[in-house]
Each structure stands twice: as structure tokens, then as C-alpha cells.
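The opening position of the sequence shown corresponds to residue 1 in the UniProt record's numbering, with each subsequent residue numbered one higher.
Positions of the beta carbon are idealized from the N, C-alpha and C atoms, including for glycine.
Just so it is clear, the structure is predicted and the values come from calculations on it, not from any experiment.
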Amino acid sequence: MAVDADPKPTASASALRGFFDGDVWHSFRTSPVAMLAAAIVLICFVCALFAEVVAPHNPFDLATLELLDSLKPPAWVDGGESKYSLGTDGQGRDILSALMYGARISLLVGIASVLLSILIGVSLGLLAGFVGGRTDAFIMRICDVMLSFPSILVALMISGVGRSLFPHAPDMLAFVVLVLAIALTGWVQYARTVRGSTLVERNKEYVQAARVIGVGPLRIMRRHVLPNVLGPVLVLATIQIASAIITEATLSFLGVGVPATSPSLGTLIRNGNDYLFSGEWWITAWPSLTLVLITLSVNLLGDWLRDALNPRLR
Numbered sequence: 001m002a003v004d005a006d007p008k009p010t011a012s013a014s015a016l017r018g019f020f021d022g023d024v025w026h027s028f029r030t031s032p033v034a035m036l037a038a039a040i041v042l043i044c045f046v047c048a049l050f051a052e053v054v055a056p057h058n059p060f061d062l063a064t065l066e067l068l069d070s071l072k073p074p075a076w077v078d079g080g081e082s083k084y085s086l087g088t089d090g091q092g093r094d095i096l097s098a099l100m101y102g103a104r105i106s107l108l109v110g111i112a113s114v115l116l117s118i119l120i121g122v123s124l125g126l127l128a129g130f131v132g133g134r135t136d137a138f139i140m141r142i143c144d145v146m147l148s149f150p151s152i153l154v155a156l157m158i159s160g161v162g163r164s165l166f167p168h169a170p171d172m173l174a175f176v177v178l179v180l181a182i183a184l185t186g187w188v189q190y191a192r193t194v195r196g197s198t199l200v201e202r203n204k205e206y207v208q209a210a211r212v213i214g215v216g217p218l219r220i221m222r223r224h225v226l227p228n229v230l231g232p233v234l235v236l237a238t239i240q241i242a243s244a245i246i247t248e249a250t251l252s253f254l255g256v257g258v259p260a261t262s263p264s265l266g267t268l269i270r271n272g273n274d275y276l277f278s279g280e281w282w283i284t285a286w287p288s289l290t291l292v293l294i295t296l297s298v299n300l301l302g303d304w305l306r307d308a309l310n311p312r313l314r
């Protein structure tokens, strides 16, 4: 019996091969800015997710802290030590290690809040655009009301109410409240974007054909319309991750963000601000630069993705 020496590739292998042969991958390979931004984001994600392995110290293990090592400058400054390459804070914590642990919290809160915003915004936008009528008008008026308030004030109000209702809540509940506070101010843009795309898609031939053969509205929205309106959502989500990280850092800087036992980049900046005018500039400088680097890289990736998915902008 002859054996087929050239088996057919699997669906996943074909999809992967199609991606690497497509325009998006070619645009990425030919864009030095996108490649540099992706490398920076990847390094930050790896250092944040595997901080226990990568970080030289555990800055939140009280048993390992030495108060005699507090306020050490970076290693290249007079008085610095090589084991603390970026210096230490007022409690003797290694700044480099604190950045890795703090970036993890900022990234997790930012990504989780964006995913929740996508879930809420895409669902409501799809419903408003497909159903139309009073449902559309009602959802859009809610969007208008949400847009009339500054997002940071809404997040402050939600976070403050959550802390008042649960003053002795565990850290996990505090994280949930923070994610909700950011997500409930970011879903509006997704809803308006998806609604506009759905208004265009619902009148196309493939939707009319699905209606004729008796396909239900929910199935049409989920199987036919939704995949065709996700392109702008992907671009918007990439950019909104940076905004969510900044919002989390702002709330933590104001003292209504993550708990003090699990400080993020915003908390590290706030703690370093107390030492800024005493000469210990590194305590607040490095968290600030890390926050700028992460948000700038994510924004650059979002700009590249917008251009790559829109042939008119190439």
C-alpha cells in the first residue's frame, strides 16, 4: 500500500502559514518602529509575569529587607551598590525588583479592564446597531451621558463607593472594584464603534440571505455580523490598554487604586514623590519612566495595527 508522503496541513497550520504570508505580518516586518515597540512590550510582559524568577530580589518580603540599605542611589552614582542597580527606596526595597512586581499589577488591571470594556461595549453596540429603534436610542443616550462626565471622575466615584461599601474587603475584591471602575468608563467607545459598523453590515446581502433562510437574530449577530465588526475593536483595544494603565496609575497615585500591600507603578510613583525634593530622584523617576515606556510602546503598536488593517492608510 502506498503511503501518502505529503499529508494535508491541518487547519491551524494553514491559518498560521496564511498569517505569515499576509499583509499584516509583512507590514510588521517592514516597520522598525512596530518591531521595537513589540520587543519592549514583550520584555515588559515577560519581566512582569515572571517577576519571581527574573527579579533579583523580592521587594515585598519583609524578612529580606534591610533598613540599612534604604535610599541607596543607582549603582553608577556615588554611594550606590552593584546589587541594587537602580537604587533602593525608603524601606530598602530594590527599585528594579519593585518595578517588575508593580508592572505586573498595572498590566493585569489594565488588560482585565479592557477585556471587560470590550465585553460590555461590543454587546451593547451590536444590539443597538442590529435592533435599532428605541433600543438603539436608549443605549446611545446612556453613552451620551457617560461621555458627559470625565472618565477619571467616574472611576474615582466608583472606586470610592466600592471602598465605602467594603472597607475591610480583601485585596482580590479591591482589584475587582478597580477593574470595574476603569471598565465602566471605557465601554462607551467600543459601543459606538461597533454600532456604526453594525449599521452598515446589517443591510448587506449575507445578512439578508441569513434572514430569508430563517436564521435567528442572535445567531446572525453572533456568527455573521460580529466577526466583520471586530477589526476596529482590535485597534481600539490596543490603544485603550495604554489608557487603562494610565488610569490605574492615576487612581493608585491618588490613593484609591490597588491596595498598599500590592503596589503598582502608580503607588510606586506616589511613594517616590515624598522623596523627590530630598535628592532621592530615582525613587519616582524609574517608575515614571517605566510607565511612559509601556504606554508609549502600546500606543505605537496600536498606531501600526490601525495602519496595517486599513489598506487606505498604507
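Going by Cα to Cα distance, which pick from Leu-291, Ser-85, Ser-70, Leu-218 is closest to Trp-76? The candidate whose alpha carbon is nearest that of Trp-76 is Ser-85.
At which residues does the alpha helix (DSSP H) containing Arg-93 begin and terminate? Note, Arg-93: premise wrong, no alpha helix (DSSP H); not H, not E.
Out of curiosity, what's the CA-to-CA distance linking Ser-151 and Thr-238? Thr-238 has its alpha-carbon roughly 18 Å from the corresponding atom of Ser-151.
Check this for me: beta carbons of Met-100 and Cys-143, under 7 Å apart or not? No, Cβ-Cβ distance for Met-100 and Cys-143 is not below 7 Å.
Assess contact between the stretch 64 to 83 and the stretch 119 to 138, defined as three or more Cβ pairs (one per stretch) separated by less than 8 Å. Is contact present? The stretch 119 to 138 and the stretch 64 to 83 do not touch, with fewer than three beta-carbon pairs separated by less than 8 Å.
According to the neighbour-count rule (16 or more other Cβ atoms, all chains shown, within 10 Å of its Cβ), is Tyr-206 buried or exposed? With fewer than 16 neighbouring CB atoms inside 10 Å of its own CB, Tyr-206 falls in the exposed class.
Burial state of Arg-141 (16 or more Cβ within 10 Å): Result: exposed.
Residues in its own chain within less than 6 Å of Ala-183 by CB, not counting five upstream and five downstream? Cβ neighbours of Ala-183 beyond the five flanking positions: Ser-113, Leu-116, Ser-117.
Alpha helix (DSSP H) containing Ala-81: first to last residue? Sequence check: residue 81 is Glu here, not Ala. Neither: Glu-81 is in no alpha helix (DSSP H) and is coded neither H nor E.
In three-state terms, what does DSSP make of Leu-289? DSSP places Leu-289 in helix when its eight states are reduced to three.
I need the straight-line Cα distance from Ile-246 to Ala-308, nearest angstrom please. Approximately 25 Å, taken between the alpha carbons.
Report all residues from its chain with a CB closer than 8 Å to the CB of Ile-220; omit the five preceding and five following residues, and keep chain order. Take Ile-220, set aside five residues on each side of it, and the residues of its chain with a beta-carbon closer than 8 Å to its own are Phe-130, Val-207, Ala-210, Arg-211, in chain order.
Could you check the C-alpha separation between Leu-268 and Ile-294 for me, to the nearest Å? A direct Cα-Cα distance of roughly 15 Å separates Leu-268 from Ile-294.
Hey, out of Ala-55, Asn-299, Tyr-190, whose CA is closest to Ser-97's CA? Checked all of Ala-55, Asn-299, Tyr-190; the closest Cα to Ser-97 is Ala-55.
Alpha carbon to alpha carbon, how far is Leu-119 from Ile-139? Give it in angstroms, no decimals. Separation of Ile-139 and Leu-119 (C-alpha to C-alpha, rounded to the nearest whole angstrom) is 15 Å.
Inter-stretch contact at 8 Å, needing at least 3 Cβ pairs: the stretch 105 to 112 / the stretch 247 to 256: Yes, since at least three Cβ pairs between the stretch 105 to 112 and the stretch 247 to 256 fall closer than 8 Å, the two stretches touch.
Can you tell me which of the three DSSP states Pro-74 falls into? Pro-74 falls in the coil class under three-state DSSP.
Determine the DSSP secondary structure at Asn-58, reduced to helix, strand or coil. Three-state DSSP puts Asn-58 in coil, outside helix and strand.
Nearest neighbour of Asp-89, chosen from Leu-301, Tyr-275, Leu-296, Thr-290 [CA to CA]: Ranking the options by Cα distance to Asp-89, first place goes to Tyr-275.
Where does Arg-219 fall in DSSP's three states? Reduced to three states, the DSSP call for Arg-219 is helix.
Per-residue burial, His-26 [other beta carbons within 10 Å of its own, 16 or more giving buried]: Looking at its Cβ environment, which holds fewer than 16 other Cβ atoms inside 10 Å, His-26 is exposed.
Stretch pair the stretch 60 to 75 + the stretch 24 to 42: three plus CB contacts closer than 8 Å: Fewer than three beta-carbon pairs drawn from the stretch 60 to 75 and the stretch 24 to 42 are found closer than 8 Å, and the two stretches are therefore not classed as touching.
Ordered list of alpha helix (DSSP H) runs contained in the stretch 222 to 287, each at least 4 residues: Within the stretch 222 to 287, the runs of alpha helix (DSSP H) at least 4 residues long that lie entirely inside it are, in chain order, 226 to 253, 265 to 273.
Mark Gly-255 as exposed unless 16 or more other C-beta atoms lie within 10 angstroms of its C-beta, in which case mark it buried. Gly-255 should be labelled exposed.
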